[in-house]
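Chemist: Quick one: the structure is below, questions incoming.
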Amino acid sequence: MSTDNSVENITFENDREKKIYEQCLKICRSTEIEVKNSPEFQRELYEKCRKLLKSANIPLTQPRVNLLIILMMYKKPLTVEDIIRISNGEIATSSIYRNINELKDKNIIDEFQTPENTKVICITNPEDHHHHIFCKSCGSINDIELEESFEKALEIEIKKIESLYNVSVDSHSLELSSVCNQCQISKSN
Ligand SMILES: [Zn+2]
Ligand SMILES: [Zn+2]
Ligand SMILES: [Zn+2]
């Protein structure tokens with residue numbers, strides 16, 4: 001009476017979870033991103049996403065998984081419109097805002113304004129800690145990771161600030177403003 005609940009080495013809790021995984025694979029396969037989009041990569045993304053939801057004590061649902069998979073796959077802040085377009089009809093516009101708010105409340109994702117006042121969404125869990133670089137010419141945004149030594153030094157600074165001002169700091173962000181490579185090329189032509 002054992003049902004086979006494993007696909008490509010993932011053990012699923014039940015058939016429902018298996019369906020969730022299969023549907024999110026559809027999104028991964030239809031993406032225009034080609035780099036690192038192998039079955040192993042997709043499996044890794046899913047496991048990461050599952051771990052994230054479990055550690056925050058949020059039930060695994062299709063919209064949540066789809067949303068997180070897209071954010072993890074693109075590794076850069078996306079607008080709600082971007083996410084809906086990438087999902088290829090797999091994320092309903094009617095439920096996306098509710099899901100975003102839920103994940104925001106659990107500090108799994110963050111929503112912020114770009115210098116051009118566009119609202120974007122990005123993953124924020126500590127394992128994926130990163131910063132952003134904006135292009136002030138075209139508005140493109142990308143995630144960047146800084147040296148661990150820098151983050152450590154910043155932590156020490158923050159500890160000092162906490163005791164100096166008697167506050168409790170729960171996060172930090174650092175945004176770099178730039179002119180991207182593409183904009184530099186088109187400017188010089
Ligand atoms: Zn980001
Ligand atoms: Zn640019
Ligand atoms: Zn940092």
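Its first residue numbered 1, the sequence shown is counted upward by one per residue in our numbering. Positions of the beta carbon are idealized from the N, C-alpha and C atoms, including for glycine.
(1) Span of the beta strand (DSSP E) holding Asp143?
(2) Inspect the beta-carbon positions of Ile20 and Leu60 and report whether they are closer than 8 Å.
(3) Could you name each continuous beta strand (DSSP E) segment of 3 residues or more that falls completely within the stretch 46-99, going from the start of the chain to the end?
(4) List the endpoints of the continuous beta strand (DSSP E) containing Asp110.
(5) I'd like to confirm the pairing. Which residues does DSSP put opposite Ser178 in its beta bridges?
(6) Report the three-state DSSP secondary structure of Ile33 (helix, strand or coil).
(7) Check whether the Cβ of Pro115 lies closer than 7 Å to any heavy atom of ligand 1, and answer yes or no.
(8) Measuring alpha carbon to alpha carbon, tell me which of Glu32, Leu164, Asn107, Ser140 ends up nearest Thr79.
(9) Alpha carbon to alpha carbon, what distance is there between Asn142 and Leu154?
(10) Pull up the CB-CB distance for Ser191 and Lys136, whole angstroms please, since I reckon it's below 8 Å.
(11) On a CA-only basis, which of Glu127, Glu111, Cys49, Leu71 is nearest Ile33? Give me that one, please.
(12) Taking only the alpha-carbon atoms, compute the straight-line gap between Arg50 and Thr93 and give it to the nearest angstrom.
(13) With a Cβ-Cβ cutoff of 8 Å, do Leu67 and Leu52 count as a contact?
(14) Using three-state DSSP, classify Lys106 as helix, strand or coil.
(15) Count the other C-beta atoms from every protein chain shown that fall within 10 angstroms of the C-beta of Met1, then say buried if there are 16 or more, exposed otherwise.
(16) Considering only residues of the same chain and omitting the five flanking positions on each side of Ile100, which have a CB-CB separation below 8 Å?
(17) Just to confirm before moving on: does the CB-CB distance between Ser95 and Pro63 stay below 8 Å?
(18) Per DSSP, what kind of secondary structure is Glu127 in: helix, strand or coil?
Modeler: In short:
(1) Taking the first residue of the sequence shown as 1, we reach residue 143 at position 143. 141-144 is the span of the beta strand (DSSP E), which, as asked, contains Asp143.
(2) Numbered from its first residue, the sequence shown carries residue 20 at position 20. Numbered from its first residue, the sequence shown carries residue 60 at position 60. The answer is yes: Cβ separation under 8 Å.
(3) You should have found no qualifying run.
(4) Within the sequence shown, numbered from 1, the residue matching residue 110 stands at position 110. Per DSSP, Asp110 belongs to the beta strand (DSSP E) from 109-113.
(5) In the sequence shown, residue 178 corresponds to position 178, counting from 1. Beta-bridge pairing links Ser178 to Cys135.
(6) One-based indexing of the sequence shown puts residue 33 at position 33. Coil, per DSSP.
(7) Start at 1 with the first residue of the sequence shown, and residue 115 comes out as number 115. The beta carbon of Pro115 sits no closer than 7 Å to any heavy atom of ligand 1.
(8) Walking along the sequence shown from the start, residue 79 turns up at place 79. Each of Glu32, Leu164, Asn107, Ser140 was checked against the Cα of Thr79, and the nearest Cα belongs to Ser140.
(9) Numbered from 1 along the sequence shown, position 154 holds the residue referred to as residue 154. Numbered from 1 along the sequence shown, position 142 holds the residue referred to as residue 142. Straight-line Cα distance between these residues: approximately 21 Å.
(10) Nothing can be reported for residue 191, as the shown portion of the chain is limited to 1 through 189.
(11) Translated into positions along the sequence shown, residue 33 becomes position 33. Of the listed residues, the one whose Cα sits closest to Ile33 is Leu71.
(12) On the sequence shown, residue 50 is found 50 positions in, with the first residue counted as 1. On the sequence shown, residue 93 is found 93 positions in, with the first residue counted as 1. Approximately 22 Å between the Cα atoms of the pair.
(13) Position 67 of the sequence shown, counted from the start, is the residue given in the question as residue 67. Position 52 of the sequence shown, counted from the start, is the residue given in the question as residue 52. Going by C-beta atoms, Leu67 is not nearer than 8 Å to Leu52.
(14) Locating residue 106 in the sequence shown gives position 106, where the first residue counts as 1. Here Lys106 carries a coil assignment [DSSP, helix/strand/coil].
(15) Here residue 1 refers to the residue found at position 1 of the sequence shown. With a pLDDT of 39 at Met1, under the threshold of 50, the predicted position of this residue should be treated as unreliable, and no value is reported.
(16) Sequence index remark: in the sequence shown, residue 100 carries index 100 (1-based). Setting aside the 5 residues that flank it on each side, Ile100 is surrounded in the same chain by Leu67, Val80, Ile109, Glu111, Ile121, each with a C-beta closer than 8 Å to its C-beta; the list follows chain order.
(17) On the sequence shown, position 95 is the one that residue 95 refers to. On the sequence shown, position 63 is the one that residue 63 refers to. Yes, the pair counts as a contact, with Cβ atoms nearer than the cut-off.
(18) Here residue 127 refers to the residue found at position 127 of the sequence shown. The answer is helix: DSSP assigns Glu127 an H, G or I state.
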